[in-house]
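**Student:**
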Amino acid sequence: MFLKTHHFILFHFRGMDSFGRVWDLRTGRCIWFLNGHQNSVLTICFSPNGYQLATGSADNTVKVWDLRRQKCEYTISVHTNLVSRVLFEKTNGEYLVTTSYDNSLKVWSHPGWTPIQTLCGHSGKVMGADISNDDKYIATASFDRTFKLWSPES
2 MFLKTHHFIL FHFRGMDSFG RVWDLRTGRC IWFLNGHQNS VLTICFSPNG YQLATGSADN
62 TVKVWDLRRQ KCEYTISVHT NLVSRVLFEK TNGEYLVTTS YDNSLKVWSH PGWTPIQTLC
122 GHSGKVMGAD ISNDDKYIAT ASFDRTFKLW SPES
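What the sequence shown shows, in my numbering, is residues 2 to 155, in sequence order.
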């Protein structure tokens, strides 16, 4: 995954490693190992401002990393199965969306990444999600063979 506003790239071996690597594209050097998950890193997302990175793992946790200080700022441990997707809202990154194989979608608010909403409606594992460009809707896809469109504001 590339970070548009900076010269960094994040690379990880999907399904094999519990850590990621951040590379500086100008020098070609690995500048940081994201080490902290206890199981495979399955999903990643850069914040719109480029200063934070969220990772989701098969250890059922989400970690929010500070790229400037090169450390984990927050660990979110509320899903009861692996985290399948992490997404920052696209405008300013004040909200984080997580989906899981526990059939749920959760919305978190910054500062502090506190839970503000849990959306349940799938009868199967939530495999993926995306946020609309205007940040008003969240789309999810599930192993239950359904696609759902959510409006978290309502």
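We put the CB at the ideal spot given by N, CA and C, even for glycine.
Since we're looking at a predicted model, the values are computed, not measured.
With which residues is Ala140 paired in a DSSP beta bridge?
**Tutor:** Start at 1 with the first residue of the sequence shown, and residue 140 comes out as number 139. DSSP lists Asp131 and Leu150 as partners of Ala140.
**Student:** Measuring alpha carbon to alpha carbon, tell me which residue in Val63, Thr141, Trp33 and Gly29 is nearest His80.
**Tutor:** In the sequence shown, counting from the first residue as 1, residue 80 sits at position 79. When only C-alpha atoms are compared, the closest one is Val63.
**Student:** Going by DSSP, which residues form a beta bridge with Pro116?
**Tutor:** Locating residue 116 in the sequence shown gives position 115, counting from the first residue. The partner list for Pro116 (beta bridge, DSSP) reads Trp109.
**Student:** Would DSSP call Thr62 helix, strand or coil?
**Tutor:** Along the sequence shown, read from residue 1 onward, the residue named residue 62 stands at position 61. Thr62 falls in the coil class under three-state DSSP.
**Student:** Going by DSSP, what residues sit across from Leu88 in a beta bridge?
**Tutor:** Mapped onto the sequence shown, residue 88 falls at position 87. Here Leu88 is bridged, per DSSP, to Val98.
**Student:** So if DSSP puts Lys72 in a beta bridge, which residue, or which two residues, is it bridged to?
**Tutor:** Against the sequence shown, residue 72 aligns to sequence position 71. In the DSSP output, where bridge partners are listed per residue, Lys72 has Asp67.
**Student:** Going along the chain, which residues of its own chain have a beta-carbon closer than 8 Å to the beta-carbon of Glu154, five neighbours each way excluded?
**Tutor:** Within the sequence shown, residue 154 is the residue found at index 153, counting from 1. Lys137.
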